[in-house]
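Let me begin by presenting the structure, written as structure tokens, before commenting on it.
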Amino acid sequence: MARFSVAAVLFFQCASAAFHSVKGRPSFRQSATRTNQIATTAKSTAVASATLDPNVMNCFVKLPDNPLSATGLATPIELQAPCSMNVSTQQAFAEAAVFDPTTHSVSIYHPLVINAGDTPPTPPVVPNLPNGAIVAMWFGFNGGVLQLLDQNGLNTNESPALRAIDCVNGLPGVNNDVFGQVSWCNTQPFFAAANASIASGQLTIPDLGVDKNGNPCPTSRSFEIVDACPSDNVPTQYLLLPDGTTVQDTAANRAKYPDAIVINNASDEALLANIVDPVIGCQPFLNPSLDDPGTMVPSLAGDELQASVKQLAPVARVPLNDPDCLLTSNGDISPSKTNAYRLGVNQGLLGNGPNTDNGSLVPYCDGMISIAPPFFQGFQTLFSGQPSPDVTVGNNLFTFLCERYLMSLMQLKCPTAVKQPVTCATDSTGAATSCAINLGASTATASSAVVATATMKTTALTRSATTMRKLPHTRPATTRGKVDQTGSAVPVKEISQAASTTTTRSPVQTDATSEFLPSGRCTFDSSTF
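Given below as structure tokens:
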């Protein structure tokens, strides 16, 4: 597998920083390792340094009029200054899913995000939408907080146009309350139509199949895969050209722009479809691409539809303690905000009836502790032979997944396990260099509210101060000729990463010295997956 771009590193850590806390400490996912966050293009470094500010973590995108129409989807979304698609921790991404009520099928389109004022040298493909199409759109971000604006600069709570298509940035109706990196529009009508079609047998969702160890393949709601901030960000990628403009990542554009850099919104969905599945012998759920006809692509929409009907118990749904779901104003748990998030990713509302859950932290933590370590151990040899999505987290895929798991327990503030089955040794930068799993250890959590830190050094861990991005995703071998038969990507070019300045974090999670910003938001998003 090719090494993921800086944009992908944020993928595993809920990197959604609170809007009000831009001066807060960067999170784990916000600790990318690179000389700076400015993508290297043909532009002179002097010009780029003079005009780009990599320290800005909160950004805005302006949506076109009628963004869910064919014309609107093909009209670029504009990232507002001072943010730039040339800065890895300011890159924004979009995914649209289209439900055809006649054929009962789902297809995917990737709206293009550009810098405000730019004109893409190759215009986005205009999708051919079916009659009566129901379109939803999701947004992902590699920085702290991304907010949606209409053409008049109004946000999702103020804009009649955005309210009309149910755009959600956080707790609806509360200005400045944000999820962080993620947002969406029109998800409820889309999922309602798709779910009804599935229930009637008209939309067929493929079975999960079994992995190389004979176990059911994981979904985005499997405890083998989830982290502190499940189901966040999108597996979208663009091409960044030498002149600093962006174009859609299509086969035609890859051929036309061989010097382009592939940039990605690392996401939990991409970790599953593009990294883990190919290694363990599983096939991700793919849907036709409307911007790159003839290809099949993974998507947040497809993953969540499959997980909703194929994931066996226990199901890892978004918990109340998900940092993305805490109130931006004070970091408190909010059932209303958690429900708003769940509606955006096709999950049932909090409850106590059949096929529901109450979002409690302990069952979620117990699920991770009891299920993830055996999965890691079962594929330890295979995972150890794969490159790390982010070498600042672990030196191969195995150590990366183990360290990501440990950091998620800390970020969620899980009760301390009676005995933690996973232990990792880290280097001077805090990256895991080796991990061991003792399945004889008890995996039940204790009643203590202390964060699970059994495997952490007594000395503080180190992370770079810049935002760790989710690893840029690569498409499975069945989707594009530029991917080899092992599922490894052959990107046009990738952004290099180098060590940056570092900050230290105490091994015990506290609001003052943790990877949470003052709001308590998830800054360690699975940015690195």
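Residue numbering for the sequence shown is -17 to -1, 1 to 512, as defined by mature numbering (1 follows the signal peptide of the UniProt record, and there is no 0).
No residue lacks a Cβ here, since even glycine has one placed at the ideal position from N, Cα and C.
| Check | Outcome |
| --- | --- |
| Restricting to Cα atoms, I'd like to know which of PRO94, PHE362, SER142 and SER391 is closest to ASN379. | PHE362 |
| List the DSSP bridge partners of THR339. | DSSP output for THR339 lists no bridge partner at all. |
| Where does GLY227 sit, in a helix, a strand or coil, going by DSSP? | coil |
| Going by DSSP, what residue range makes up the beta strand (DSSP E) through VAL344? | A small fix is needed here, since residue 344 is Leu in this sequence, not Val. No beta strand (DSSP E) holds LEU344; the alpha helix (DSSP H) holding it covers 344 to 361. |
| Along the alpha helix (DSSP H) that carries ASP286, what are the first and last residues, could you check? | 283 to 293 |
| Determine the direct distance from the alpha carbon of VAL298 to that of GLU386, and round the result to whole angstroms. | 22 Å |
| Classify TYR240 as helix, strand or coil using the three-state DSSP reduction. | coil |
| Tell me whether the beta-carbon of ASP215 lies closer than 7 Å to the beta-carbon of LEU222. | no |
| Following the continuous alpha helix (DSSP H) through ALA99, name the residue where it begins and the one where it ends. | From DSSP, ALA99 is part of no alpha helix (DSSP H); its letter is neither H nor E. |
| Following the continuous beta strand (DSSP E) through LEU186, name the residue where it begins and the one where it ends. | Note, LEU186: premise wrong, no beta strand (DSSP E); not H, not E. |
| For residue 514 and LEU51, which I take to be in contact (beta-carbon distance under 8 Å), what is that distance rounded to the nearest angstrom? | For the chain, the structure presents residues -17 to 512; residue 514 sits outside this window and is missing. |
| Whose C-alpha, out of LEU389, CYS407 and GLY285, is nearest the C-alpha of VAL81? | GLY285 |
| Please state the DSSP three-state secondary structure of PHE268. | coil |
| For ALA176, which option in ASN329, THR102 and LYS396 has the closest C-alpha, if you only look at C-alpha atoms? | ASN329 |
| So what does DSSP say about LEU310, is it helix, strand or coil? | coil |
| Put GLY136 into one of helix, strand or coil per three-state DSSP. | coil |
| What does the alpha-carbon distance come out to for the pair ALA448 and ASN38? | Reliability fails at ALA448, whose pLDDT of 26 lies under 50, so the model's placement of it is uncertain and the value that follows must be treated cautiously. Answer to the nearest angstrom: the Cα atoms are 10 Å apart. |
| Tell me the residue span of the beta strand (DSSP E) that contains CYS212. | Where CYS212 is concerned, there is no enclosing beta strand (DSSP E), given that its DSSP letter is neither H nor E. |
| If you follow the alpha helix (DSSP H) that VAL301 is part of, which residue opens it and which one closes it? | Careful: VAL301 lies outside any alpha helix (DSSP H) and carries neither H nor E. |
| Rank VAL44, LEU137, GLN74 and ASN159 by C-alpha distance to the C-alpha of LEU309 and give the top, closest one. | ASN159 |
| Mapping DSSP to helix, strand and coil, what is GLY127? | coil |
| Just list the residues that DSSP pairs GLU61 with in beta bridges. | LYS45 and ILE97 |
| When DSSP labels each residue in this structure, what does ILE148 get in the three-state scheme? | coil |
| So, for THR409: in the same chain, excluding its five sequence neighbours on each side, which residues have a beta-carbon less than 6 Å away from its beta-carbon? | ALA415 |
| Please report how far the alpha carbon of ARG237 lies from the alpha carbon of ASP275, in whole angstroms. | 11 Å |
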